[in-house]
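Asker: Those sequence lines, one after another, are chains A and B. Here the first sequence is numbered in the numbering used here, starting from 1110 and rising by one per residue. Here the second sequence is numbered in the numbering used here, starting from 11 and rising by one per residue.
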Amino acid sequence: GEDVEQSLFLSVREGDSSVINCTYTDSSSTYLYWYKQEPGAGLQLLTYIFSNMDMKQDQRLTVLLNKKDKHLSLRIADTQTGDSAIYFCAEKFPGNTGKLIFGQGTTLQVKP
Amino acid sequence: DGGITQSPKYLFRKEGQNVTLSCEQNLNHDAMYWYRQDPGQGLRLIYYSQIVNDFQKGDIAEGYSVSREKKESFPLTVTSAQKNPTAFYLCASSIKSGLLTAGELFFGEGSRLTVL
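#1: Could you list which residues in chain A have their beta carbon closer than 7 Å to that of S104 (chain B), in chain order?
#2: Classify T87 (chain B) as helix, strand or coil using the three-state DSSP reduction.
#3: Bridge partners for F65 (chain B) per DSSP, in chain order?
#4: Indicate whether the contact test is met: 3 or more Cβ pairs, each with one atom in the stretch 1173-1186 of chain A and one in the stretch 1156-1165 of chain A, closer than 8 Å.
#5: Identify the contact partners of E119 (chain B) in chain A, using a Cβ-Cβ distance below 9 Å as the criterion.
#6: Go ahead and pull the three-state DSSP assignment for T96 (chain B).
#7: Per the DSSP calculation, M42 (chain B) is bridged to which residue(s)?
#8: Answer yes or no: do K24 (chain B) and S121 (chain B) have a C-beta to C-beta separation smaller than 8 Å?
#9: Would G1201 (chain A) count as contacting chain B if we go by Cβ distances under 8 Å?
#10: Pull out every residue of the stretch 1156-1175 of chain A whose Cβ sits closer than 7 Å to any Cβ of chain B, in chain order.
#11: Cutting at 6 Å between CB atoms, please list the residues of its own chain near L31 (chain B), excluding the five before and the five after it.
As structure tokens, then:
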């Protein structure tokens, strides 16, 4: 069945780049997403990428998609302490249900 | 401002009691979803609804019930049959999904349920 995997924890220094990785199993996924969750809050959509693209850039965020390896990554340039949060990768469930399948989330810790 | 409102933010329940979590949206979205979040497990889908008066079970529907009598509202009832209900519950909504629409989900701020 469909599955999305992420590493659970990443620690970086302020000003460095962060790269959060995700693998997924369903090659028919049309859209893949990155969400951010701050403590005690809901999820905020950061960006998404259509499956016929291999890269999308939005200010400090760069998404890379390798469809052959079913690998998605989120790069955050010049990481700030305000970027500390949990980051979720998600893929769109095949069909018209609108369901998303989420990974376990990667906790990003940014040290000053 | 448009958005999704969940209430209450914190809720305590005794074992054996049913509780209902509220979710209201004013985004004019057709589809609404309930997810459960446990530490280290990501989000798991409980129920979803793509249209008024219709809803489908997600991956972990046992012990939960929903209704969709109005487009704006999708309340979730956690029944006494749910064996481990302590969790963070997230409601989301989206425009009606198609194969080539992103259909991104917009989330509320969540409700934390603790069973005493």
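Using N, Cα and C, we set each Cβ at its ideal position, and we do this for glycine too.
Answerer: To lay it out plainly:
#1: G1207
#2: strand
#3: Its beta-bridge partners do not exist; DSSP assigns none.
#4: yes
#5: G1149, A1150 and G1151
#6: coil
#7: B:S59 and B:S103
#8: no
#9: In the sequence as presented, Gly is not what sits at residue 1201 (chain A); that position holds Lys. So yes, K1201 (chain A) belongs to the interface.
#10: Y1157
#11: L86, Y99 and S121
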